[in-house]
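Q:
In UniProt numbering, the protein residues as written are 1 to 908.
Right, here's the structure in full:
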């Protein structure tokens with residue numbers, strides 16, 4: 001079973017009864033150093049604001065032996081060695097987008113069991129599991145009273161979501177769970193959600209705790225990728241703290257990867273990145289990581305005042321207020337809030353004025369100095385820091401020749417080819433070569449009025465060689481990558497060799513920020529070139545440079561030379577916010593179009609670069625299952641998939657024969673019959689007489705599917721084979737453990753002489769799993785048990801095909817990933833370990849566009865990647881690789897081209 005939790009819902013706020021338990025109260029009968037009151041958790045008698053982040057250790061890959069990634073004891077000991085406390089969320093129900101919510105599949109087949117209700121078989125298994133985890137922790141002395149790092153523990157998760165639907169048995173189960181855990185009838189309820197500032201504990205002597213601060217949202221195959229602006233996340237946390245919050249835990253702080261078949265949902269993607277502060281590959285996601293770190297520093301500076309007393313709340317305006325915390329000793333901290341989602345304001349507090357952007361909170365740890373504002377994102381930490389390593393290089397050079405049509409791997413085609421369709425982006429470069437034959441009577445040979453060569457390119461850069469000499473270069477831009485090269489060329493009589501080297505390319509946010517600067521300068525250009533500026537003082541370290549032409553064109557530059565303080569200045573009829581050490585450009589003397597310190601970094605996406613090298617693929621296509629196969633069996637009617645497979649495989653074959661009489665009308669009219677298959681999910685591929693005739697799949701929102709297609713049947717016996725595939729078991733919802741998977745019908749064949757046949761109650765044959773799974777084709781030993789084809793015999797774009805290759809580990813320490821965009825659907829293994837399901841055939845549909853951090857956040861507010869595969873890159877843990885000879889195996893369910901797979905490095 002897995003620990004920790006996540007709850008799938010669209011609400012922005014959800015209060016959940018979570019039974020947060022102080023661990024000592026049921027572990028050891030000794031005086032503990034952890035307790036709580038109405039203000040906070042007390043550690044060694046001292047109130048503390050606790051800041052926590054969720055990490056699911058099976059979704060991460062540390063370099064030491066994790067015993068299959070599930071060594072809980074080893075993980076907690078590593079956390080302890082880092083000097084951190086642990087909030088242990090035992091479950092056993094965790095949700096977490098994990099297969100079946102963290103429960104093992106065998107549990108649902110215990111006779112008479114009903115999950116998460118007042119059910120004796122379930123309660124017995126839950127108590128057995130909980131006691132096992134507690135005893136494991138006690139044996140290793142990991143609880144805080146034993147000198148360990150565990151200060152909090154949690155059982156159950158988000159039970160309020162189903163408690164009232166279940167009714168009285170749900171209430172009885174909740175009370176039993178609390179009593180089982182602590183031997184008492186009490187616990188601490190807590191909150192999960194995007195916002196929890198208005199949550200209150202169920203007793204006034206308990207602290208206010210937020211166990212899941214949703215830093216983003218999970219990705220589902222077929223849906224766009226959600227993200228949460230850090231300004232809103234920081235705003236939500238700060239509002240919680242200013243409203244007496246004392247503990248908050250980010251879900252997730254590092255999301256990781258759903259390796260193997262662990263993802264739930266169904267249709268949860270293999271990536272569990274979650275837009276977390278530490279990304280799937282273990283690297284900081286900026287600016288989220290640094291901005292939250294700065295928030296935590298500000299909260300810790302304010303902590304003495306925060307835990308001393310409840311705040312005094314004072315209005316600062318229509319949508320603005322101050323929360324002021326003061327201790328008896330005189331320690332003071334203030335939170336100044338602007339709840340307006342549209343307008344910035346200047347507020348007076350104490351003896352100072354403070355600029356509050358829309359939808360933001362400023363923290364003043366001493367009630368005077370602003371140390372943090374949730375909407376003012378400082379990204380200085382995004383710059384690389386480089387120091388000289390000492391020594392100099394002794395260079396040698398090698399100049400490669402200009403490509404020719406006779407080179408190895410060169411090929412010829414009519415017309416000009418699009419670059420990426422040839423290179424598949426395995427290189428930046430493509431040579432275009434041709435010969436130009438000049439007759440001896442060409443006039444320019446005498447006049448020397450040389451001909452002009454013009455080349456138009458879709459981008460991004462071009463170098464032109466004529467007869468072995470470079471005659472020039474050209475390149476486009478981010479705004480317009482297209483380019484035109486035009487130059488006179490010195491050609492000779494006879495054959496001239498033309499070679500064009502096309503190169504595809506930027507560093508963010510520098511590239512985009514400078515591009516925006518250039519646009520602003522160009523907007524101001526008419527005024528800039530018309531006259532010298534009039535310089536006017538706007539303050540001690542501020543001034544305006546105003547350019548005006550005789551025709552009335554005006555542009556202004558408002559400067560703040562102060563290296564420390566932001567200011568608000570008046571110019572013309574407006575007010576303008578100038579960050580420290582910055583200049584604002586007003587191309588019309590009214591509207592700010594650019595400020596040098598206000599960097600828009602929405603375009604900062606993952607940066608992947610090719611690791612070098614190519615794969616030499618081999619293929620093996622397995623046969624379509626038949627009723628005569630080993631381990632196939634026959635039954636009347638359609639069977640629920642998981643009841644047959646027990647989730648030991650994603651796949652179940654449903655097979656039957658359809659006998660068509662020679663007098664069927666469609667055999668003459670060719671008005672083919674229609675096969676319709678209704679399935680509870682999750683994906684389906686239909687084979688008729690050994691040929692795939694199509695696929696269908698559901699979604700996270702509705703896993704059910706319907707396949708309907710005309711089928712070309714012959715007189716006599718026709719073989720129907722339906723390959724049903726699961727894409728993770730449900731992990732949330734009322735009685736989610738009872739949700740069905742597989743072909744449950746009806747299955748019909750319409751358009752026959754007698755109308756429509758219902759095949760649902762026919763005799764069907766079944767076979768669990770794939771032949772390749774049985775042979776362990778993904779392992780070194782298993783892969784040698786079949787004959788593979790390579791070279792010109794490589795099978796591509798064909799269903800039920802296995803691919804294998806070997807490769808050496810790339811140099812360096814950067815995280816690695818596989819670009820799987822050329823494939824359809826299936827699974828990936830490295831050295832016998834499953835990376836997870838791949839599903840590039842599932843394109844994201846939704847509404848993607850610009851997203852403001854202001855206003856209430858919901859999981860579908862900020863989306864990216866519409867029209868693209870939900871997941872393109874699949875994490876390859878370096879800890880799984882050998883220096884050389886690594887085995888990569890890909891199963892392709894629907895049909896793909898492995899030649900487009902590449903190994904890439906995740907760079908900062």
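No residue lacks a Cβ here, since even glycine has one placed at the ideal position from N, Cα and C. Keep in mind the model is a prediction, meaning the values are calculated, not measured.
Taking residue 468 and residue 492 to be in contact with their CB atoms under 8 Å, please state how far apart those CB atoms are, rounded to whole angstroms.
A: Within the chain shown, numbered from 1, the residue matching residue 468 stands at position 468. Within the chain shown, numbered from 1, the residue matching residue 492 stands at position 492. Incorrect: roughly 12 Å between the Cβ atoms, too far for contact.
Q: For residue 358 and residue 240, I'd like the C-alpha separation in whole angstroms.
A: Residue mapping note: residue 358 aligns to position 358 of the chain shown, counting from 1. Residue mapping note: residue 240 aligns to position 240 of the chain shown, counting from 1. Taking the straight line from one Cα to the other gives about 17 Å.
Q: Let me know the secondary structure DSSP gives residue 105 once reduced to three states.
A: By 1-based counting over the chain shown, the position of residue 105 is 105. Here residue 105 sits in helix by DSSP.
Q: Taking 7 Å as the limit between beta carbons, can you name the residues of its chain near residue 902, skipping five residues before and five after?
A: Residue numbering aside, residue 902 sits at position 902 when the chain shown is read from its first letter. Answer for residue 902: 426, 610, 819, listed in chain order.
Q: With a threshold of 6 Å on Cβ separation, who are the neighbours of residue 488 within its own chain once the five nearest residues in sequence on each side are excluded?
A: In the chain shown, residue 488 corresponds to position 488, counting from 1. Cβ-Cβ distances below 6 Å link residue 488 to 450, 452 in the same chain, with the five nearest sequence neighbours on each side left out; the list follows chain order.
Q: Report the option in 93, 33, 45 whose CA atom is closest to the CA atom of residue 733.
A: The sequence position of residue 733 within the chain shown is 733, counting from 1. Check the Cα spacing between residue 733 and each of 93, 33, 45: the tightest is with 93.
Q: Are the beta-carbon atoms of residue 672 and residue 751 separated by less than 9 Å?
A: What you label residue 672 is simply residue 672 of the chain shown in a count that begins at 1. What you label residue 751 is simply residue 751 of the chain shown in a count that begins at 1. Their beta carbons are under 9 Å apart, which means residue 672 touches residue 751 by this criterion.
Q: Classify residue 905: buried if its beta carbon has 16 or more other beta carbons within 10 angstroms, exposed otherwise.
A: Counted from its first residue, the chain shown places residue 905 at position 905. With 16 or more Cβ atoms within 10 Å of its Cβ, residue 905 is classed as buried.
Q: With burial defined as no fewer than 16 other Cβ atoms inside 10 Å of the residue's Cβ, what is the status of residue 429: buried or exposed?
A: For the purposes of this step, residue 429 is identified with residue 429 of the chain shown, where counting begins at 1. Here residue 429 is exposed. Its C-beta has fewer than 16 other C-beta atoms within 10 Å.
Q: Measuring alpha carbon to alpha carbon, tell me which residue in 204, 741, 664, 209 is nearest residue 195.
A: Position 195 of the chain shown holds residue 195. Among 204, 741, 664, 209, the Cα nearest to that of residue 195 is on 209.
Q: If you pair each beta-carbon of the segment 146-153 with each one of the segment 77-90, do three or more pairs fall below 8 Å?
A: yes
Q: With the cut-off set at 9 Å, would you say residue 722 and residue 687 are in Cβ contact?
A: Locating residue 722 in the chain shown gives position 722, counting from the first residue. Locating residue 687 in the chain shown gives position 687, counting from the first residue. Yes, Cβ-Cβ distance for residue 722 and residue 687 is below 9 Å.
Q: By Cβ distance below 6 Å, which residues in the same chain neighbour residue 915 in space, the five residues on each side in sequence not counted?
A: There is no way to answer for residue 915, as the model of the chain reaches only from 1 to 908.
Q: Measuring alpha carbon to alpha carbon, tell me which residue in 778, 636, 640, 755 is nearest residue 761.
A: Residue 761 sits at position 761 when you count from the first residue of the chain shown. Taking the Cα of residue 761 as reference, the smallest distance to any Cα among 778, 636, 640, 755 is reached at 636.
Q: Under 9 Å between the Cβ atoms of residue 888 and residue 830?
A: What you label residue 888 is simply residue 888 of the chain shown in a count that begins at 1. What you label residue 830 is simply residue 830 of the chain shown in a count that begins at 1. Yes, the pair counts as a contact, with Cβ atoms nearer than the cut-off.
Q: Work out the CA separation of residue 139 and residue 128 for me, nearest whole Å.
A: Translated into positions along the chain shown, residue 128 becomes position 128. Translated into positions along the chain shown, residue 139 becomes position 139. One C-alpha to the other measures close to 16 Å.
Q: I need the DSSP call for residue 682, collapsed to helix, strand or coil.
A: Indexing the chain shown from 1 puts residue 682 at position 682. Note: residue 682 maps to coil in three-state DSSP.
Q: So, at 7 Å on beta carbons, what are the nonlocal neighbours of residue 224 in its own chain, with the 5 sequence-adjacent residues on each side left out?
A: Taking the chain shown and counting its residues from 1, one reaches residue 224 at position 224. So the qualifying residues of the chain are 844, 846, 848, 863, 864, 865, 866.
Q: Measure the alpha-carbon distance for residue 841 versus residue 754 and round it to whole angstroms.
A: The residue you call residue 841 lines up with position 841 of the chain shown. The residue you call residue 754 lines up with position 754 of the chain shown. Whole-angstrom Cα-Cα distance: 38 Å.
Q: Please name the residue, chosen from 215, 218, 145, 248, that lies closest to residue 191 on a Cα-to-Cα basis.
A: As a first step, residue 191 is located in the chain shown; it is residue number 191 there, counting from the start. Looking at the Cα atoms, 248 is the closest of the given residues.
Q: By how many angstroms is the C-alpha of residue 466 removed from the C-alpha of residue 495?
A: Walking along the chain shown from the start, residue 495 turns up at place 495. Walking along the chain shown from the start, residue 466 turns up at place 466. Those two C-alpha atoms are separated by around 11 Å.
Q: Are residue 460 and residue 252 close, meaning C-beta to C-beta below 9 Å?
A: Counted from its first residue, the chain shown places residue 460 at position 460. Counted from its first residue, the chain shown places residue 252 at position 252. No, the pair does not count as a contact, with Cβ atoms beyond the cut-off.
Q: Have a look at 200, 371, 547, 541 and flag the residue whose alpha-carbon is nearest the alpha-carbon of residue 39.
A: The residue given as residue 39 occupies position 39 in the chain shown. Of the listed residues, the one whose Cα sits closest to residue 39 is 200.
Q: CB-CB under 8 Å to residue 655, same chain, minus the five flanking residues each way: which ones, in chain order?
A: Looking up residue 655 in the chain shown gives position 655. Correct list, in chain order: 625, 626, 627, 632, 719, 720, 721, 722, 764, 765, 766, 767.
Q: Out of 213, 441, 412, which has the shortest C-alpha to C-alpha gap to residue 431?
A: Start at 1 with the first residue of the chain shown, and residue 431 comes out as number 431. With distances taken between Cα atoms, residue 431 lies closest to 412.
Q: Report all residues from its chain with a CB closer than 8 Å to the CB of residue 907; omit the five preceding and five following residues, and keep chain order.
A: Your numbering for residue 907 matches position 907 in the chain shown. Non-local C-beta neighbours of residue 907 in its own chain, meaning closer than 8 Å and more than five positions away in sequence, comprise 607, 608, 609, 814, ordered along the chain.
Q: Judging by CA-CA distance, which residue of 419, 60, 435 is the nearest neighbour of residue 405?
A: Looking up residue 405 in the chain shown gives position 405. Checked all of 419, 60, 435; the closest Cα to residue 405 is 435.
Q: Between residue 801 and residue 621, what straight-line distance do the alpha-carbon atoms span, to the nearest angstrom?
A: For this step, residue 801 is matched to residue 801 along the chain shown. For this step, residue 621 is matched to residue 621 along the chain shown. Going by the C-alpha atoms only, they are around 4 Å apart.
Q: Sort out for me which residues DSSP pairs residue 874 with in a bridge.
A: Here the question's residue 874 lines up with position 874 in the chain shown. DSSP, once it has assigned bridges, lists 818 as partnering residue 874.
Q: Looking only at its own chain, which residues have a Cβ that is under 6 Å from the Cβ of residue 918, when we skip the five neighbours before and after it?
A: What the structure shows of the chain is the stretch from 1 to 908, and residue 918 is not part of that stretch, so it cannot be assessed.
Q: Would the beta-carbon of residue 273 fall within 9 Å of that of residue 256?
A: The residue you call residue 273 lines up with position 273 of the chain shown. The residue you call residue 256 lines up with position 256 of the chain shown. Yes.
Q: Which partner residues of residue 833 appear in the DSSP bridge assignment?
A: In the chain shown, the residue the question calls residue 833 occupies position 833. For residue 833, which the question treats as bridged, DSSP gives the partners 830.
Q: The alpha helix (DSSP H) spanning residue 281 covers which residue range?
A: Locating residue 281 in the chain shown gives position 281, where the first residue counts as 1. Counting along the chain, residue 281 falls outside any alpha helix (DSSP H), and DSSP gives it neither H nor E.
Q: Going by C-alpha to C-alpha distance, which of 588, 576, 745 sits closest to residue 598?
A: Numbered from 1 along the chain shown, position 598 holds the residue referred to as residue 598. The residue with the shortest Cα to Cα distance from residue 598 is 576.
Q: Tell me, which residues are paired with residue 577 by DSSP?
A: Your numbering for residue 577 matches position 577 in the chain shown. The bridge partners DSSP lists for residue 577 are 568.
Q: State yes or no: is the C-beta of residue 361 within less than 9 Å of the C-beta of residue 378?
A: Indexing the chain shown from 1 puts residue 361 at position 361. Indexing the chain shown from 1 puts residue 378 at position 378. No, the pair does not count as a contact, with Cβ atoms beyond the cut-off.
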